[in-house]
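The listed protein sequences correspond, in order, to chains A and B. Residue numbering for the first sequence is 1 to 601, as defined by UniProt numbering. Residue numbering for the second sequence is 1 to 351, as defined by UniProt numbering. Cβ coordinates follow ideal geometry from the N, Cα and C atoms, glycine included. Please read all numbers here as calculations on a predicted model, not as lab measurements. What follows is a short report on a single structure.
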Amino acid sequence: MRTKFFLLISVLVLASLVLGACQPAAATPETIIQTVVVEGTPKEVVVTATPAPAAAGPKVLRLNMGPGDIPTLDPSLATDTSSTQIIEETSVGLTRQNEETAEVLPGMAESWDVVNNEDGTQTITFHLVSNIPWVRWNGKEVEQVKDCNGNPRYVTAYDFEYGILRTLNPKTASDYAYVLAFAIKGAADYNGGKTEDPTTVAVKAIDEKTLEITFTEQAVYNVNIAGMWVAHAEPKWLIEGDDCTEARGDKWTETGFFQGYGPYTLKEWVHDSYITLVKNPFWPGLPSVPVAKIDEVTWTMLDEVPAFAEYEAGNLDVAAVPLADMDRVKADPELSKQLAIGPVLCTYYYGFNTKAKFVDDARVRRALSMAIDRQSLIDNVLKGGQEPAQWFSRPGLTGAPTLDKYPDLGVKFDPEKAKAELQSYLDEKGLKVSDLDITLMFNTSSGHQKIAEAIQQMWKEYLGLDVKLANQEWKVYLKTIRDPQATPQIWRLGWCQDYPDANNFLREVPTKGGSANPAEGGGFNWENPKYEELVVQAARETDPQKRVDLYAQAEQILVYEDAVMIPIYWYTRVTVTKPYVQRTFSVLGGLEHIEKWDITQ
Amino acid sequence: MGRYIARRLIYLLVVLFVVSAITFGLMHAVPGGPFDREKALPPEILENLNKRYHLDEPLLVQYGRYMYDVFIPRITSVPPKGSVDDDFLITVKLGNVWFKWMNFGPTYSSRSRTVNDIFRQQLPVSAQLGIMALLVAIIIGMPLGILAALKQNTIFDYLGMSVAIFGVSVPVIILGPLMIWIFGVTLKWFPPTGWGAKPPFVLGIFPRDLSPEFFRYAIMPSVALGLGSSAIIARLTRASLLQTMREDYIRTARAKGLRESLVIVRHALKNSLIPVVTILGPLFAALVTGTFVTEVTFGIPGMGRYFVTSITNRDYPVIMGTILLYAVILVIANLIVDIVYAYLDPRIRYD
């Protein structure tokens with residue numbers, strides 16, 4: 001019995017020795033060197049802040065991606081900005097957006113011919129850049145991918161055809177296949193399982209350099225869609241295998257297997273921890289996608305707060321500023337110089353269930369919308385320099401109205417008018433303000449809660465109206481707001497661009513059958529033939545100014561005349577960047593084009 | 001004892017069966033599915049996704065498929081395909097056939113990975129952190145508790161218990177950023193975030209290289225995580241030891257003229273350890289499978305995140321996998337606790 005007890009004690013002693021061992025270990029000579037180096041860094045950083053690593057070593061950029069693993073690097077499967085950020089650096093679409101102007105430029109296609117067919121479809125023939133090799137990281141360096149005869153593999157129209165058809169293949173189960181299914185002739189039937197024959201999809205590689213795609217509509221944004229990640233070239237030999245390559249299937253995007261053809265290629269992806277891209281020395285440079293200047297880019301996967309600590313410790317070169325640190329950063333003489341607030345093509349809004357009691361009258365909806373002091377909300381609650389939204393399609397999108405051309409479009413804070421609108425409704429119905437029973441619902445989150453409480457307060461102050469707040473867990477909430485019966489009177493959502501055109505906002509969200517207006521009911525529960533006609537007309541309009549005008553008319557219906565939604569704010573991105581990083585600021589929802597960045601002295 | 005352990009392991013199977021059935025039922029009963037998004041997916045796309053992950057089948061068939069994939073070993077001549085549907089935790093080549101066992105399925109939110117990948121790459125990190133945090137908890141907690149009990153109502157007692165109260169009441173979400181700020185950003189003693197080891201791991205759990213660098217990364221999170229538990233252990237040790245000291249056999253031991261130090265070490269301390277050992281089982285299971293807040297705060301690529309995000313994402317295979325794993329570790333930890341009881345108190349017999 002005694003021995004047994006001492007056994008336990010000795011286990012504990014042993015355990016303490018193991019842990020204790022770490023401390024003596026930390027005192028061995030080699031560690032001391034390390035500690036000295038580490039403790040020395042802050043001083044060194046101060047000195048080297050101006051003369052940086054220079055030509056000495058490789059230029060390494062350290063960024064943060066945000067918490068959680070990157071969902072996928074497979075262009076066919078990506079849905080979010082973390083995934084597309086990496087995909088856009090490791091492969092290039094037929095067209096490529098300029099990240100600062102959102103303009104669509106030639107990418108892997110150096111030019112294209114557009115033919116409008118008599119049946120209302122549009123055929124675009126893309127002429128590809130030649131001699132861009134597929135590359136991979138072999139563990140030591142970037143090398144060209146060779147075919148079974150030992151010749152380098154170049155990116156061809158067949159690779160694009162394969163990529164597009166793989167996205168559309170129902171077995172791939174791609175979320176974003178719907179963008180292509182909707183746009184490309186024959187794609188919906190193939191993706192929806194009505195036919196199993198991929199040749200019915202109007203995507204044809206004529207030869208290695210020519211790709212022909214027929215679109216269902218004669219729309220100006222067809223070339224945008226052709227440039228999306230879901231339409232990138234993919235390595236068939238790697239995914240499905242061939243005589244000299246082992247098939248990697250779903251795992252082809254993992255470290256060691258991955259092949260790409262962009263300005264960067266994948267070096268290492270340690271899931272949940274970090275991802276490293278390395279410069280592709282075989283990338284020849286295109287007008288819209290230059291040769292990269294930085295040799296290696298690493299993204300850590302940290303939450304905002306620890307990432308900002310790493311930035312302050314000098315271990316990250318760019319970081320988002322957490323809300324809690326905002327005031328300190330603005331006041332700090334050093335940090336405030338590194339601060340930049342830039343637009344992001346997203347809109348935060350409240351939607352109305354236009355068939356629900358009280359909010360089934362446009363006057364009530366308008367009153368609620370006009371009684372929100374958006375600037376005050378931004379200054380006091382959001383604090384991220386967001387812009388008050390007057391309409392839905394965020395300026396910066398192609399076709400979207402801009403504030404300097406349309407300063408009075410849409411809806412603005414106007415408490416007097418709001419009160420008058422509400423009064424006119426109340427008088428007509430013979431009601432008092434206190435009779436109105438309205439609920440605003442949002443998904444559970446402290447951020448949405450704060451915004452909703454501020455707005456609730458504004459409605460109380462400017463309209464004398466008590467609105468109830470309700471919240472639900474995210475997935476439950478999504479079911480609720482798409483349920484024909486359960487949809488609350490006012491609900492919250494946001495929308496970010498998939499491709500930078502007003503069509504992606506104004507047609508794909510509020511039209512009947514759109515993302516926030518299900519055909520079977522729920523969401524906006526709204527249909528306005530004039531609006532539907534305007535957005536279709538705008539999609540087909542080729543004169544840019546007329547297009548903006550059509551969208552402006554549509555916006556006026558959406559946010560003012562019918563007032564089915566309350567646009568609240570347009571997103572911005574608040575980041576700090578070390579002074580030695582030369583960078584561009586992307587408006588594409590955080591999608592940066594790192595190949596244009598540099599690290600200087 | 002052998003028979004007892006065998007019996008308990010059979011119970012484990014029953015527990016797993018019950019846990020899996022309840023979890024499966026609950027997660028499908030909660031409204032919302034894995035593919036409900038802010039941007040609603042068109043019905044055709046949803047159908048493709050449901051078909052891809054067999055969510056279009058009746059629930060009982062889905063459950064049967066899952067249990068079959070996880071529990072029934074296979075022997076096949078087909079080599080593993082490298083697909084996310086064909087990833088078994090145990091894959092052994094025996095001559096020209098393959099023995100494959102335990103396929104926990106693909107994850108919906110990370111499309112090139114499987115639940116087994118999470119077990120291989122994230123669980124070891126959480127386990128390393130958890131074990132170190134547990135050691136911190138024991139090494140700080142037990143001596144503090146013993147000291148407080150032996151010097152009851154003195155400055156040692158008050159000081160020790162104040163530390164314990166502090167440990168319990170200051171959560172990692174406060175302590176973590178504070179430590180990062182002081183020791184990581186300002187003093188630069190330790191790296192503010194990250195972990196010093198990455199997959200593959202030795203024996204599926206240990207870092208390849210136990211360098212001082214590894215511990216430099218590990219110290220802050222281990223202390224932050226261990227401190228809360230050390231407080232619990234300290235209070236429990238104190239209370240238990242105080243009670244034991246009042247037992248008759250302690251008086252007897254003293255009456256025999258035994259030296260006070262022997263009385264405490266041989267008679268009091270050992271018996272007072274039983275409640276402490278009891279909580280070590282569940283504590284071990286909780287710490288080793290990962291802790292969300294600590295991992296997020298210190299940017300550690302562990303498994304804690306998956307316990308939370310799998311549920312918010314309705315990532316069904318990950319929910320099942322994490323819960324079953326937790327159940328296995330909890331049952332085994334409790335089994336070990338029971339075995340330790342027998343050593344601590346000879347009156348406890350299992351046969």
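Identification of chain A residues near serine 109 (chain B) by a Cβ-Cβ cut-off of 7 Å yields Pro71, ordered along the chain.
When DSSP states are grouped into helix, strand and coil, valine 288 (chain B) belongs to the helix group.
Taking the Cα of threonine 76 (chain B) as reference, the smallest distance to any Cα among B:Arg254, B:Val70, B:Asn96 and B:Ala268 is reached at B:Asn96. Under the three-state reduction of DSSP, phenylalanine 201 (chain B) is assigned to coil, being neither helix nor strand.
Using a 10 angstroms sphere on the CB of histidine 54 (chain B), the tally of other CB atoms stays under 16, which defines it as exposed. Close partners of glutamate 312 (chain A) in chain B (Cβ separation under 7 Å): Val185. Around the C-beta of valine 18 (chain B), fewer than 16 other C-beta atoms lie within 10 Å, and the residue is accordingly described as exposed. Within the stretch 452-482 of chain A, complete alpha helix (DSSP H) segments of at least 4 residues are found at 474-480, given in chain order.
Here alanine 148 (chain B) is near phenylalanine 156 (chain B), since their CB atoms are less than 8 Å apart. A straight-line Cα-Cα distance of about 20 Å links threonine 114 (chain B) and phenylalanine 292 (chain B). In the structure shown, histidine 127 (chain A) adopts extended strand secondary structure according to DSSP, grouped into three states.
Distance check between isoleucine 70 (chain A) and each of A:Trp237, A:Ile87 and A:Lys59 places A:Ile87 closest, using alpha-carbon atoms only. According to the DSSP assignment, arginine 573 (chain A) belongs to the beta strand (DSSP E) that extends over 565-577. Residues Ile184, Lys185, Gly186, Ile213 and Thr214 of the same chain have their beta carbon placed closer than 7 Å to that of alanine 202 (chain A), with the five preceding and five following residues left out of the count.
Close partners of glutamine 122 (chain B) in chain A (Cβ separation under 7 Å): Asp272. Cβ-Cβ distances below 8 Å link asparagine 313 (chain B) to Pro34, Tyr108 and Ser109 in the same chain, with the five nearest sequence neighbours on each side left out; the list follows chain order. Within 10 angstroms of the beta-carbon of glutamate 260 (chain B) lie fewer than 16 other beta-carbons, which makes it exposed. Chain-ordered, the chain B residues with CB closer than 8 Å to the CB of tyrosine 178 (chain A) read Leu41, Pro42, Glu44 and Ile45. Separation of the CB atoms of valine 564 (chain A) and tryptophan 526 (chain A) is rounded to 5 Å, and the pair is thereby assigned contact status at 8 Å. For tryptophan 237 (chain A), no beta strand (DSSP E) run applies; the uninterrupted alpha helix (DSSP H) run containing it begins and ends at 236-240, by DSSP. Every beta strand (DSSP E) of 3 residues or more that sits fully in the stretch 489-553 of chain A is shown, in chain order, as 490-496. Beta-bridge annotation (DSSP): glycine 351 (chain A) is paired with A:Trp491 and A:Met565. Taking a C-beta cut-off of 8 Å against chain B, the contacting residues of the stretch 185-202 of chain A are Ala188, Asn191, Gly192 and Gly193, listed in chain order. With a 10 Å radius around the Cβ and a threshold of 16 neighbouring Cβ atoms, threonine 252 (chain B) comes out exposed.
Between the stretch 499-512 of chain A and the stretch 547-561 of chain A there are three or more inter-stretch CB-CB distances shorter than 8 Å, so the stretches are counted as touching.
In the structure shown, methionine 301 (chain A) falls within a coil segment according to DSSP collapsed to helix, strand and coil.
Taking a cut-off of 8 Å for Cβ pairs, the stretch 426-446 of chain A and the stretch 488-498 of chain A touch, as three or more such pairs fall below it. Measuring C-alpha to C-alpha distances from threonine 276 (chain A) to each of A:Gly256, A:Pro284, A:Val289 and A:Gln537 identifies A:Gly256 as the nearest. For asparagine 103 (chain B), the nearest beta carbon of chain A is not closer than 8 Å to its own beta carbon. Taking 8 Å as the upper bound for CB-CB distance, alanine 292 (chain A) and glutamate 304 (chain A) are not in contact here, some 27 Å apart.
Along the stretch 472-487 of chain A, the positions whose C-beta sits under 7 Å from a C-beta of chain B are Trp474, Lys475, Val476, Leu478, Lys479 and Arg482, read in chain order. Between the alpha carbons of asparagine 334 (chain B) and alanine 286 (chain B) lies a distance of about 12 Å.
Scanning B:Val14, B:Ser229, B:Asp248 and B:Ile118 for the CA closest to the CA of isoleucine 205 (chain B) turns up B:Ile118. Counted as a single uninterrupted DSSP element, the alpha helix (DSSP H) harbouring methionine 245 (chain B) occupies residues 212-245. If you draw a straight line from the Cα of serine 91 (chain A) to the Cα of glycine 262 (chain A), it comes to about 4 Å.
By the CB criterion at 8 Å, alanine 181 (chain A) and asparagine 191 (chain A) fall inside the cutoff.
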